[in-house]
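These notes are about the structure you will find just below.
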Amino acid sequence: MRIIFATGNAHKLVEIREILDELSFQADLMTMKEAGIDTEIIEDGLSFEENAQIKARTVAAALPAEYADAVVLADDSGLEVDALNKEPGIYSSRYMGEDTPYSEKNAEILRRLNDIPKEKRTARFVCAVAAVFPDGTEETVRETIEGKIGYEPRGKNGFGYDPIFYLPDLSCSTAEISPEEKNRISHRGKAFRAIAGILKR
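Rendered as C-alpha cells:
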C-alpha cells in the first residue's frame, strides 16, 4: 500500500512511522513533498475533523498520475485547555504565529493559567485523521488523551505542547515519557491505530 501523508511536519512523520511499525503495518509512506506535490492547503475548517478532511482532499486532488493508487492521509491535532475556552484548539500550530517557538507558546499558556487552581487546569490533546482512498471514499477518526496543564515545562522528549501537558496517572508530562509509551497512549497513536485498522480492512 502506498500512503501519501499531507504534512511537512517531520516530527509527525517520525511518530506515524513508529506507530505503523509497531502494528507491523507494511506501507510505503511518504510526505506530499516526497511525492512531488506542492499545493496550497487552506485550513478554514471549524473542527479538527474538517481541517483533516480539507488537507486530505486537497492533496488527493493534486496526486500525480503515478500515485493514483495511493491512499492520502492527513491529520489535524492540537491542544484544548478548558479554562481558556478550549484554546488554542484548531489554531494550536498557529497560536501566537506559526513561527513562534513552542517555548514561548507554552510560557504564554502557563502565564494565562497562573491563577487557575489545579482542579480547573484540565486539558486534552485531540487528533483527527482523515483518509481519502483511490476510489474517492473517505474515512475520518478522532481520538483524545486527557490530562492537565502543569505549572512549568518538564521533559525533553516529544515536541510542541508536550512539556506542559501533565498526565496525572503517570505523574509526569508527555515530554517525560518514552516515544514508545507516548505512541501507546497518545491522541495521535490512538487515532493512527484506528485508521490503520480501517486501512487493513
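Counting in this note's numbering, the sequence shown runs without a single skipped number right up to 254 at its last residue.
For each residue, glycine too, the CB sits at the ideal point set by N, CA and C.
Computed from a predicted model, the values in this text were never measured in an experiment.
Cβ-Cβ separation between Thr-175 and Asp-135: approximately 5 Å, consistent with a contact (criterion under 8 Å). Ala-118 sits exposed, since fewer than 16 C-beta atoms from the chains shown fall within 10 Å of its C-beta.
Here Arg-195 carries a strand assignment [DSSP, helix/strand/coil]. For Leu-82, the enclosing beta strand (DSSP E) covers residues 81-84. Taking each of Pro-216, Glu-71 and Lys-173 in turn and checking the Cα distance to Cys-225, the smallest one comes out for Pro-216. Between Leu-76 and Ile-56, the C-beta spacing is not below 7 Å.
Ranked by Cα distance from Leu-252, the first of Thr-193, Ser-231 and Gly-211 is Thr-193. The beta carbon of Arg-237 is closer than 7 Å to none in its chain, skipping five residues each way along the sequence.
For Asp-222, there is no enclosing alpha helix (DSSP H), as DSSP marks it with neither H nor E. The DSSP-derived three-state label of Leu-73 is helix. Going by DSSP, Ala-121 is part of no alpha helix (DSSP H) at all; its letter is neither H nor E. In the structure shown, the three-state DSSP call for Ile-57 is strand.
Counting along the chain, Phe-178 sits inside the beta strand (DSSP E) bounded by residues 175-185. Under the Cβ criterion (8 Å, minimum of three pairs), the segment 156-166 does not count as touching the segment 97-115. DSSP, read as helix, strand or coil, puts Ala-228 in coil. Of Gly-200, Leu-223 and Glu-233, the smallest CA-CA separation from Asn-210 is found for Glu-233. Shown here for Leu-137: same chain residues with a beta carbon closer than 7 Å to its own, the five before and five after excluded, namely Arg-165 in chain order. About 16 Å separates the Cβ atoms of Asp-128 and Lys-86, ruling out a contact at the 8 Å cut-off. Proximity to Leu-223 across Lys-235, Gly-61, Phe-212 and Gly-213 peaks at Lys-235, based on C-alpha coordinates. If you compare the alpha carbons of Arg-241, Ser-145, Gly-131 and Ile-90 with that of Ala-113, the shortest gap goes to Ile-90.
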